[in-house]
Amino acid sequence: MAWRDGDGAVRLMADLCPHRGARLSVGDVVGGQLRCAYHHWRFDGEGQCTSVPSQGGACSLAARTRVSVSYPVREAAGYLWAWIGESEPAPLKLPAEFTDQRYATFPETVEWGANWLLALENLVDLMHAPFLHARSITLNEGITNDRVVVDDHDDGFEVRRRDQTGTNFDWIDIHTGALSFVRLDIPLPPSAGPGPPLRILGFLTPRDNAATLVHFPRFRAVSGRERRIWRTLYRLRLRGTHLHVLNQDKEMLEGLRTVEEARRDEHLAQADRPVVHLRRALEPAFDKQRRRFGLDQPPHPAAVALAD
Ligand code: FES
Ligand SMILES: [Fe+2]
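Everything in the sequence shown is counted per this note's numbering, starting at 6 for the first residue and increasing by one.
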């Protein structure tokens, strides 16, 4: 859970009171300290307990009690960026779109009732666009019979259509390093006003095992009159259209089974190559977690036979 301490700094810590396990997020901030709703124990910005009211406030019990986990967090570009890794925090290097003045920007966040990994698989899966989104005004162009090509880079990999470029959702750039995000372009029709394709970044925040917040800030490199036209059209018409497209994804994802069940008897096609690539890319991190927590589940069948 996130809260602001007495200096206005954002703090991010486990949503779990070390007294008897209440959710700290239903507490409040009093005098710059976080106060648990259940018995009013208080915690400072470092998660250190400062007061146990039933024992008079500051006491030895308070001194030896602290919230179990807290994460370094920074505010930038209108978002909170947390480092949830176990090593020292990597420098925060935001995608250039956030500071590039050429872009007119709209934030957009939706919630999908699906595991974050299924949501990410949906994003790398270019070839769902011409089918699921066939009736949208932005994703109904081009051919439906194509192959996808995957190329690794230093921080992840890129996926593109082999026989089509700049027509539909034909390219995505996936970053799996210190900052995990995707970057993609969507060509816009003339009815969206003059200007280049829409650039979208995607950041996934798992809420729990079965729900994910998906942040999709939108960027279009337009200026002057074009920018004014774009901003007006986006607010009046295109935002609704885009949310409709995202709802199509939501409906599909919320109808999928769990990650484990979905993978047990799937039949993958060449177009699923980026999904397999993603699973393979993430597998070492998953394996580390399994060993750390002593889980004896088998690895996800990431390297399955793939029709070519
Ligand atoms: S559970 Fe938080 S104060 Fe008791
Ligand atoms: Fe989609």
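Cβ atoms here follow ideal geometry from the backbone N, Cα and C, with glycine treated the same way.
Contact set for residue i: own chain, Cβ-Cβ below 6 Å, skip 5 residues either direction
| i | result |
| --- | --- |
| methionine 6 | Asp20, Leu29 and Ser30 |
| aspartate 49 | Gln38 and Thr55 |
| arginine 16 | Trp8, Asp10 and Gly50 |
| alanine 27 | Cys41 and Tyr43 |
| proline 94 | Pro77 and Trp88 |
| threonine 149 | Pro135 |
| valine 187 | Leu128, Ile177, Ile179 and Gly207 |
| alanine 216 | Gly118 |
Any non-hydrogen atom of ligand 1 within 7 Å of residue i CB
| i | result |
| --- | --- |
| alanine 27 | yes |
| tryptophan 176 | no |
| cysteine 22 | yes |
| tryptophan 8 | no |
| cysteine 41 | yes |
Beta-carbon contacts of residue i that lie in its chain and below 7 Å, excluding the five residues immediately before and after
| i | result |
| --- | --- |
| leucine 218 | Thr114, Glu116, Thr210 and Arg212 |
| arginine 236 | Ala109 |
| valine 309 | Low local confidence applies: a pLDDT of 42 at valine 309 is under 50, so the model's placement there is unreliable, with the coordinate-based value given in what follows. Correct list, in chain order: Leu273 and Val281. |
| histidine 158 | none |
| aspartate 175 | Leu131, Arg165, Arg166 and Gln169 |
| leucine 251 | Val115 |
| aspartate 313 | Interpretation of aspartate 313 is limited by its pLDDT of 44, a score under 50 that renders its predicted location unreliable; the figure taken from the coordinates is listed afterwards. So the list reads Gln275, once near-sequence residues are dropped. |
| lysine 293 | none |
Ligand 2 heavy atom lying under 7 Å from the CB of residue i
| i | result |
| --- | --- |
| alanine 134 | yes |
| asparagine 252 | no |
| leucine 137 | yes |
| asparagine 127 | yes |
Cβ-based neighbour list, residue i, same chain, cut-off 8 Å, excluding 5 preceding and 5 following
| i | result |
| --- | --- |
| valine 153 | Leu131, Met132, Val164, Arg165, Arg166, Arg167, Gln275, Ala276, Arg278 and Pro279 |
| arginine 297 | none |
| leucine 137 | Gln253, Asp254 and Met257 |
| alanine 14 | Gly50 |
Given residue i as reference, the closest of the options once Cα atoms are compared
| i | options | result |
| --- | --- | --- |
| glutamine 60 | His45, Leu203 and Arg25 | His45 |
| alanine 82 | Pro100, Thr143 and Val15 | Pro100 |
| arginine 225 | Arg71, Gly13, Leu189 and Ile179 | Leu189 |
| aspartate 160 | Pro201, Val264 and Lys98 | Lys98 |
| phenylalanine 208 | Trp121, Ala215 and Phe291 | Trp121 |
| valine 42 | Gln53, Glu51 and Val57 | In the sequence as presented, valine is not what sits at residue 42; that position holds alanine. With distances taken between Cα atoms, alanine 42 lies closest to Val57. |
| alanine 68 | Arg223, Gly52, Gly11 and Glu259 | Gly52 |
| arginine 204 | Ile142, Gly299 and Arg107 | Arg107 |
| aspartate 10 | Arg47, Asp270, Gln253 and Pro23 | Arg47 |
| asparagine 214 | Ile234, Asp156 and Gly118 | Gly118 |
| glutamate 102 | Pro96, Arg240 and Phe111 | Phe111 |
| valine 34 | Tyr84, Asp12 and Thr143 | Asp12 |
| proline 201 | Ser185, Arg232 and Val187 | Arg232 |
Ligand 4 heavy atom lying under 7 Å from the CB of residue i
| i | result |
| --- | --- |
| histidine 45 | This structure lacks ligand 4; the ligands present are ligand 1 and ligand 2. |
Alpha helix (DSSP H) runs contained entirely in the segment 168-248, provided each spans 4 or more residues: 229-238
Secondary structure, alpha helix (DSSP H): runs of 4+ residues fully inside the segment 127-164: 134-137
Sequence ranges, alpha helix (DSSP H) only - wholly within the segment 26-109, length at least 4: 65-68
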